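Here the structure is laid out as structure tokens; the discussion comes afterwards.
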Amino acid sequence: MIYLLLSILSSTAIFVVFKLIKKYDIDTLQVIVVNYFTAFTCGALLYSGNIQPSEIIESDWFVAAIGLGFLFITIFNVMALTAQKNGLSVASVASKMSVIIPIVFGIYVFNESASLQKITGIVLALFAVYLTSLKKKDHTVLTKSIYLPIILFLGSGVIDTSINYFAPSDNIPLFSATIFAMAALIGLVIVGINLLKTKRRFKLKSLPAGITLGIVNYGSIHFLLMALRAENTESSTLFTINHIAILALSTLIGLLLFKEDISQKNWIGIILALISILLVTLA
């Protein structure tokens, strides 16, 4: 379970970096682009062979990697818009609830087990997502721009499912690097247009933040794929544990490091998250 643990820690670190970006008023879009270039570099460095562009283009997963790169940066922007128009809680619930898509895919397409204990754990996990995501000061408006949380839900679920389905077992670093390279190129175009329109300059403080984010972002994908490929655990189980553990750990870090308010419902959500992890793991 070491790969799964590293994926959870890496994904939780993403939450911490984003908090620090907001605290120190660093340009988020610039950080995101640097992050994708850094993540691409990590994948390229971890790849043991010589990178041949022709081999990448001819691979079975190249088209999927292009699509995923586009989805990565598109869904990030949709998440930002959802938070702005519908509230942080709606954005959080929509993105985290999307775990049901790869879970159902694993059960029906990969014929994974669906015992009563496992299904109970998954249902409790969804309740945990909702309760843990509720914030006291967040004024959610679900009916306003309802298409945004729907797109966020579907897009996040498709990303998780596609990464699991298309990733080659013997070439995870190069597959991941290609996805991040595509996202970086698209992001570079967006940042370039943004800089021309606003006449703002690229800020040097975006570099260390982007590099840090890129390292942990790559780790979150790389270690999750390693867990899905290397460990004798079903994808529906791994995705449930991964998402719920990240949610619970991020909430606790928000309390301890950033002095965030945690309501009674949030605590109930954390408890349900722990129960759901035990149920799904032991199933």
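Here the sequence shown is numbered in full-length UniProt numbering, starting from 1 and rising by one per residue.
Heads up, the beta-carbon is just placed ideally off N, CA and C, and yes, glycines get one too.
For clarity, every value in this text was computed on a predicted model and none was experimentally measured.
Selection from the options that minimises the alpha carbon distance to residue i
i    : options                : result
L213 : T233, F180, K197       : F180
G187 : H243, S95, I14, N35    : N35
D261 : V216, S133, A167, L126 : S133
E234 : R200, G192, L282       : L282
I2   : A273, M226, F105, N266 : M226
L249 : A273, T28, C42         : A273
S92  : I75, I277, A184        : I75
L257 : L148, I8, A13          : A13
I163 : V129, S220, Q52        : S220
L81  : T120, L45, S145, L204  : S145
S236 : D170, V109, A128, L195 : V109
L207 : L29, G254, S48, I8     : L29
S48  : V123, D170, N86, G269  : D170
T41  : H222, I270, F239       : H222
K205 : L6, K23, S11           : K23
E55  : L116, T178, K199       : T178
N86  : I122, K135, S98, F70   : K135
S279 : D25, I122, I57, V17    : Position check: residue 279 holds Leu in this sequence, whereas Ser was assumed. Measuring from the Cα of L279, the nearest candidate turns out to be I122.
Three-way DSSP call (helix, strand, coil) for residue i in this model
i    : result
I26  : coil
L278 : helix
A83  : helix
S145 : coil
A273 : helix
P168 : coil
N111 : coil
L174 : helix
F37  : helix
N50  : coil
Residues near residue i by beta carbon distance below 7 Å, same chain, minus five either side
i    : result
S95  : M79, L152, S156
F175 : W61, A65, A167, P168
I21  : T28, V31, A209
I268 : L131
Close beta carbons around residue i, own chain, < 6 Å, minus the five adjacent residues each side
i    : result
A39  : F180, G214, N217, Y218
F72  : A183
S11  : S220, I246
S113 : none
Sequence-distant residues of the same chain with beta carbon closer than 8 Å to residue i, five excluded per side
i    : result
I150 : A94
L195 : R201, F202
Integer Cβ distance of residue i from residue j, believed to fall under 8 Å
i   : j    : result
L68 : N242 : At roughly 18 Å, the Cβ-Cβ gap does not stay under 8 Å, so L68 and N242 are not in contact.
I8  : A245 : 5 Å
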